Amino acid sequence: MIFTVAIDGPAAAGKGTISRAVARHFGFAHLDTGLLYRAVGAKGGDPVEAARSLSEADLTRDDLRTLEAGQAASRVAVIPEVRAALTEFQRSFARREGGAVLDGRDIGTVICPEAEVKLFVTASAEVRAHRRWLEVGGDEAQVLAEVIERDKRDAERATAPLKPADDAVLLDTTELSIDAAVHKAIEAIEKRI
Ligand code: C5P
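Take 1 as the starting number for the sequence shown in the working numbering and just add one per residue.
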């Protein structure tokens, strides 16, 4: 079966948690596409070259989850040639046999406009920053400022900006528990399977 679930949204809205749970529930493969941009940003040097030569080892570095890596990712993510170099890999992952869940910023709009299900996961900036702060620690106000700065860069860039696809199901997790958010996502997918 070929079946693609596209899950987009701003930083720390719950996309990763929901994607992993949904993939497990339906037995689909999962690709966290943010990791590709984080790996390009972390590699240093010319980002276009980094994107073209990205390897498995680049994706398994353990410094990819930091706030700095998130900022570096969103800076290289504005470069059209970087995005182009990562497109084919994401598209073939999406159409692999057995079903796939991809989470990111432009999956429903650019990478997989034909995805069978599109979810756009959001939450208030404060709640998202609080969740991220629980993971990374430090100064919560600083985490909030970084989340807002990154969302602004992602939403305002010319190529593949962060926005819901016209046919995306909106899922606001501000006041939802993880279980409740996952349940709603599964329900939305079951309607189309
Ligand atoms: O989702 P995550 O926080 O790991 O993404 C890091 C950054 O990578 C985002 O802020 C965004 O700039 C970029 N990104 C993107 N398109 C995607 C996934 C991530 O531009 N599909």
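All residues carry an ideal CB built from backbone N, CA and C; glycine is no exception.
Here the structure is a predicted model, which is why all the values come from computation and not from measurement.
Query raised in the report: If you draw a straight line from the alpha carbon of W133 to that of K15, how long is it in whole angstroms?
Result: 16 Å
Query raised in the report: With DSSP run on the structure shown, which of helix, strand or coil describes L35?
Result: helix
**Report entry** Start-end ranges of the beta strand (DSSP E) lying completely within the segment 17-72, minimum 3 residues
**Finding:** 29-32
Query raised in the report: Cβ-heavy atom distance between A73 and ligand 1 below 8 Å?
Result: yes
Query raised in the report: Applying the criterion that 16 or more other CB atoms from any shown protein chain within 10 Å of the CB defines a buried residue, is V136 buried or exposed?
Result: exposed
Query raised in the report: Given S19, which residues of its chain have a CB within under 6 Å of its CB, disregarding the five upstream and five downstream residues?
Result: I7, H30, V101, D103
Requested in this report: Return the residue from the list L64, S74, F26 that minimises the CA-CA distance to E146.
Outcome: S74
Query - C-alpha distance - A168 paired with G70, whole-angstrom precision - result: The alpha-carbon atoms of A168 and G70 are separated by roughly 25 Å.
Query - Own chain, CB closer than 8 Å to E128, minus 5 neighbours either side, in chain order - result: Note that residue 128 is Arg in the sequence shown here, rather than Glu. Cβ within range, chain order: P10, A11, A12, A13, V147.
Query raised in the report: So who's on the other strand from I7, going by DSSP bridges?
Result: D103, L119
Requested in this report: Consult DSSP for V78 and reduce its assignment to one of helix, strand or coil.
Outcome: In the three-state scheme derived from DSSP, where H, G and I count as helix and E and B as strand, V78 is classed as coil.
Query raised in the report: Which residues in the same chain as T122 place their Cβ atom closer than 6 Å to its Cβ, once the five residues preceding and following it in sequence are excluded?
Result: Excluding sequence positions up to five before and after T122, its CB lies within less than 6 Å of the CB of G9, A13, D172, all in the same chain and listed in chain order.
Report task. Can you have a look at D63 and say buried or exposed, based on whether 16 or more other CB atoms are within 10 angstroms of its CB? Result -> exposed
Query raised in the report: Taking 8 Å as the cut-off, is the CB of I79 close to at least one heavy atom of ligand 1?
Result: no
Query raised in the report: With C-beta atoms as the reference, is A85 less than 9 Å away from A39?
Result: The answer is no: Cβ separation not under 9 Å.
Query raised in the report: How many Å lie between A188 and A115 at the Cα?
Result: 13 Å
Requested in this report: Go ahead and label G98 buried or exposed: buried means 16 or more other beta carbons lie within 10 angstroms of its beta carbon, across all protein chains shown.
Outcome: exposed
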